[in-house]
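From first to last, the protein sequence lines are chains Z and S. For the first sequence, numbering that gives the first Met the number 0 assigns the number 0 to the initial residue and increments by one for each residue that follows. For the second sequence, numbering that gives the first Met the number 0 assigns the number 0 to the initial residue and increments by one for each residue that follows. One structure is given here, and the rest of the page talks about it.
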Amino acid sequence: MLKTWCKYGALYLMMVPVICYFLVYGYYPLARGLQISFQDYRLIGNRPYIGFDNYGTVWHDPNFWKSLTNTLVIGGGSLVCGFLAPLIIALSLNEVLKSWFKKTAQMILYVPHLLSWVVVGGMWIYLLSPDTGLVNLLLQRTLDIPPVHYLAESGWARVVMILVATWKDMGYNCILFLAGIVAINPSLYEAARLDGATRWQQVRYVTLPQIQSTMKVVLLLNTLGVLRIFDQVFVLRNNSTAPDVDVLMYYTYQKGILDFHVGVAAAASMLVLIFTLLLTLIVRKLTRFDEV
Amino acid sequence: MNFNSPIKTSSRLSHLAESPAPAWKKQKTRSRITLLVSLLTLGSMLLSACGTSSSNASNGSGANASSADGSASAGETSSAPAADMKLRILSSNVGGKTPEEMKKFEEEITRLTGIEVTIEKPASDYDQKVLTALGSGEKYDLIEGSDLGKLNTFIDQGVTMDLTDFVQGSKELSDPTVVPTEEWDQLKGKDGHIYAVFSKFQGGTMPIVRKDWLDKLHLQEPKTLDDYYNVLKAFTEQDPDGNGKKDTYGLSTSGLYDIQGFMSAAGLKYRYVMKDGKRTIPYASDAAIPMYEWFAKLTKEGILDPNFVTNDTAKMRNLFLTDRVGMITYWDAWVGMLNNTRQEEDPNTSFQAEAVAGAEGPDGKIILRRGDPDYWMVPANAEHVEAAEKFLEFWHSEPGIILGSLGIEGEDYTKDNGTYTLTETGKEHGMDHGVPFWYNENVKAPFDKLPGVQAAQDLVKQYATLELSLPEWSDAEKIVTNYALKAMSGSMPAADAVKQMQKELKAANLIDE
């Protein structure tokens with residue numbers, strides 16, 4: 000043991016700053032959050048421990064469960080669409096032979112990922128406006144569909160959230176898939192062609208199985224973010240659609256920052272953490288992630 | 000590239016690698032080098048961390064210094080020289096408009112009071128900053144607030160200092176000509192004690208109409224709900240801007256509280272109203288149904304701006320300023336700013352914004368909305384209470400009011416033989432450095448109010464009343480607003496919306512009847 004320490008001591012020493020970083024900025028806030036969730040947290044003064052009362056408050060709050068439902072619907076929808084749409088586009092782009100077109104398309108698709116949600120949100124609020132918005136104008140002039148205030152209608156609010164989120168991150172995920180596709184050994188396609196495989200069969204039996212590991216990584220990474228949606232909702236929500244789109248992180252924000260009920264907000268955060276852990280474990284199990 | 004060839008990082012390293020030494024010695028040398036590199040890496044990181052920390056310390060020296068000196072200052076008597084006093088302020092509105100001007104603002108306070116001041120004015124997320132500051136134990140001597148609901152939360156959580164004795168003992172603040180006695184009720188907690196001091200006079204909201212459009216279409220100022228409907232319809236259909244296109248709306252709003260002037264027609268007041276000790280929300284009562292139906296009619300006929308659900312106030316104002324809408328509901332002070340903006344663009348403009356009283360109720364009564372006041376609170380952990388109190392008295396005196404309104408002498412205005420002249424910078428800043436209007440009747444405004452403001456303020460004084468802020472309002476507001484907007488936009492029948500509101504409010508124990 001001592002010998003190992005002497006041999007690799009320097010390497011362990013190099014790890015110290017990294018460990019310190021995670022302890023200070025990762026685990027300490029987590030531990031403090033856990034502690035606060037058991038306290039009657041006052042901004043100034045004593046903060047007595049009250050057991051699981053904050054958790055009880057959250058558990059019995061119908062808004063929390065409504066927020067969880069919204070999170071799962073919007074997050075789940077974004078997860079599915081945000082996985083399939085870039086995959087389909089990556090497979091399509093891979094079939095394009097003109098490299099200039101491929102590169103241009105990739106760049107255009109990637110740009111929204113670089114923009115902040117404030118910009119993207121403002122843009123879509125404008126585009127979806129019922130009187131001057133491009134979407135309504137196009138639908139009205141081409142299909143004679145009367146204007147709809149998509150961001151104010153309950154039925155549309157969640158759909159808009161899912162579609163805009165998919166649109167924003169499509170380019171990023173698409174690049175990950177394309178990177179996976181590029182790494183496929185060309186001899187596999189050659190062998191498939193010799194066996195008489197069509198383009199579709201090459202995609203079905205060569206490309207898709209070969210990028211399976213990339214697909215698993217993308218799916219797991221996106222799963223981690225399902226319960227953490229916030230920026231998008233913060234920008235695109237309004238009072239008319241709030242009950243349909245307010246998600247768990249917004250619930251936490253409201254309790255903590257707007258209402259100053261820090262203990263309740265901390266308890267809600269801890270529950271979000273537990274749900275994320277469970278969700279990730281389920282996805283890992285279902286995708287057999289470790290068998291990559 | 001030959002990947003098997005040794006990597007030549009430096010001549011010394013390669014020399015060491017190639018030297019014919021025994022294996023144990025080579026291993027030891029490698030370990031030493033690795034150790035050296037590790038130590039250097041760690042050392043540089045620690046040094047950079049120390050650098051950051053020391054630089055942070057120096058950045059916050061004002062705060063730290065004030066902490067260090069605070070106990071001494073706080074313990075001194077009021078006759079202590081003001082120059083020894085220090086003050087750390089967290090503000091959302093008060094101060095300079097730019098970091099450079101803020102520095103001059105601080106220096107001006109020091110010049111006028113002798114108090115060494117540090118003002119922190121976050122560019123955004125003010126509530127978040129207040130929460131993190133207080134939660135992390137940061138010590139401010141004054142924190143600005145603008146929400147009475149939050150003030151109540153602060154009082155409940157022991158954040159604010161009881162200022163009753165100070166206010167009642169203060170020659171300036173206890174003077175009813177400086178702050179009217181009844182106004183203090185707004186800043187009292189449940190125990191009847193005063194927990195904050197006003198930072199400015201807060202006005203109210205009301206419908207603001209294009210008077211020039213009224214005149215052009217030969218319409219009278221609306222008084223009843225039917226009058227309002229006729230005016231708004233005419234604004235939509237009779238081409239008031241004269242461009243030959245049907246591109247105007249009668250009305251635009253932003254948020255439910257903005258419609259108070261119309262809900263007045265049914266005698267309905269926003270937020271909670273206590274009735275025989277029971278919590279009621281008039282906007283969720285059956286009496287509100289015809290009002291929501293009235294709005295739904297406006298929506299259906301294209302009179303109400305269809306974006307009213309997603310509008311923020313800036314969008315609403317822009318529609319008004321760009322001749323797209325004939326009426327909005329907004330703050331009294333903005334009547335003047337809207338007029339001023341258009342006049343600055345074009346001195347010959349016919350644009351004329353004018354405040355109108357809301358629609359008369361069944362008994363002829365009008366209800367307008369008085370805004371929550373902006374206030375200063377002294378946190379319970381403040382270290383320079385005496386300096387804070389001195390500043391609060393200064394803030395309500397003539398020099399404080401001139402500073403909070405006009406700004407800094409030499410920067411925003413010049414004074415010659417008692418005559419004030421605004422500089423170009425001062426004109427840009429619009430005579431608002433946190434105090435566009437004030438309570439103190441002894442201080443006369445150096446300049447006339449912008450056109451239309453006085454009439455709007457008269458309406459506020461005559462008709463506006465404060466709203467009742469109960470802690471549960473934020474939850475109730477979500478339910479009320481959601482269904483009210485659905486009813487107003489016509490996506491849900493008004494009767495169903497109100498029924499659903501009542502059901503959910505009762506289920507969540509947010510109303511008593």
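Every residue gets a Cβ at the ideal spot worked out from N, C-alpha and C, and that includes glycine.
Shorter than 8 Å from the beta carbon of residue i to some beta carbon of chain S?
i: Z:N238; result: yes
i: Z:I43; result: yes
i: Z:P47; result: no
i: Z:A151; result: yes
i: Z:A265; result: no
i: Z:I124; result: yes
i: Z:P61; result: yes
Using 10 angstroms around the beta-carbon of residue i, count the other beta-carbons present and answer buried if the total reaches 16, otherwise exposed.
i: S:F200; result: buried
i: Z:R236; result: buried
i: Z:C173; result: buried
i: S:P80; result: Any reading at S:P80 needs caution, since the residue's pLDDT is 49, under 50, leaving its predicted position unreliable; the model's value is listed next. The residue in question, S:P80, is exposed, as its Cβ has fewer than 16 Cβ neighbours within 10 Å.
i: Z:A178; result: exposed
i: S:T204; result: buried
i: Z:T70; result: buried
i: S:E220; result: exposed
i: S:P239; result: buried
i: S:S468; result: buried
i: S:Q461; result: exposed
i: Z:Q200; result: exposed
i: Z:N238; result: buried
i: Z:V297; result: Residue 297 of chain Z is absent from the structure shown; chain Z starts at 0 and stops at 291.
Under 8 Å between C-beta atoms, does residue i make it to chain Z?
i: S:K448; result: no
i: S:G157; result: yes
i: S:N317; result: no
i: S:P492; result: no
i: S:T112; result: no
i: S:L46; result: With a pLDDT of 39 at S:L46, under the threshold of 50, the predicted position of this residue should be treated as unreliable, though the coordinate-derived value follows. Judged by the 8 Å Cβ criterion, S:L46 is not in contact with chain Z.
i: S:L150; result: no
i: S:K485; result: yes
i: S:D495; result: no
i: S:S90; result: no
Would you mind telling me which residues of chain Z sit closer than 8 Å to residue i, beta carbon to beta carbon, in chain order?
i: S:N306; result: S128, P129, D130, H148
i: S:Q127; result: I256
i: S:P179; result: Within chain Z, no residue comes near S:P179; the closest Cβ sits about 30 Å away, beyond 8 Å.
i: S:N380; result: I43
Going along chain Z in order, which residues have a C-beta closer than 9 Å to the C-beta of residue i?
i: S:T424; result: Result: empty, since nearest Cβ-Cβ is about 29 Å, beyond 9 Å.
i: S:T117; result: Ordered by position in chain Z, no residue passes the 9 Å Cβ test against S:T117, which lies about 20 Å from the chain.
i: S:S253; result: Neighbours of S:S253 on chain Z: none; closest Cβ ~10 Å, over 9 Å.
i: S:S198; result: None at all; the shortest Cβ gap to chain Z is about 20 Å.
For a contact defined as C-beta to C-beta under 8 Å, what are the partners of residue i on chain S?
i: Z:V261; result: L130, G134
In whole angstroms, what is the alpha-carbon distance linking residue i and residue j?
i: S:L89; j: S:I118; result: 6 Å
i: S:T420; j: S:K103; result: 19 Å
i: S:G69; j: S:I114; result: Unreliable placement is indicated for S:G69, whose pLDDT of 32 sits below 50; no coordinate value is reported for it.
i: S:I407; j: S:L449; result: 20 Å
i: Z:F51; j: Z:A266; result: 9 Å
i: S:I142; j: S:V377; result: 6 Å
i: S:L504; j: S:M430; result: 43 Å
i: Z:M160; j: S:R278; result: 36 Å
i: Z:S77; j: Z:D258; result: 29 Å
i: S:N338; j: S:D322; result: 13 Å
i: Z:V147; j: S:V308; result: 13 Å
i: S:D345; j: S:Q453; result: 23 Å
i: S:D161; j: S:H192; result: 7 Å
i: Z:V181; j: Z:A156; result: 37 Å
i: S:H395; j: Z:W58; result: 47 Å
i: S:N481; j: Z:T240; result: 7 Å
i: Z:G195; j: Z:L277; result: 45 Å
Please list, in chain order, the chain S residues whose beta carbon lies closer than 9 Å to that of residue i.
i: Z:A241; result: K477, T480, N481
Strictly below 7 Å CB to CB, what residues from chain Z border residue i?
i: S:T235; result: Within chain Z, no residue comes near S:T235; the closest Cβ sits about 12 Å away, beyond 7 Å.
i: S:T309; result: I124, L150, A151, N237
> In the stretch 387 to 421 of chain S, which residue ranges form an unbroken alpha helix (DSSP H) of at least 4 residues, counting only runs that do not cross its ends?
Replying inline: 397 to 404
>> Just to confirm the assignment: which complete alpha helix (DSSP H) runs, minimum length 4, are found wholly within the stretch 133 to 183 of chain S?
In response: 147 to 155, 163 to 168
> Mind pulling the alpha helix (DSSP H) runs of 4 or more residues that sit fully within the stretch 117 to 192 of chain Z?
Replying inline: 133 to 142, 153 to 181
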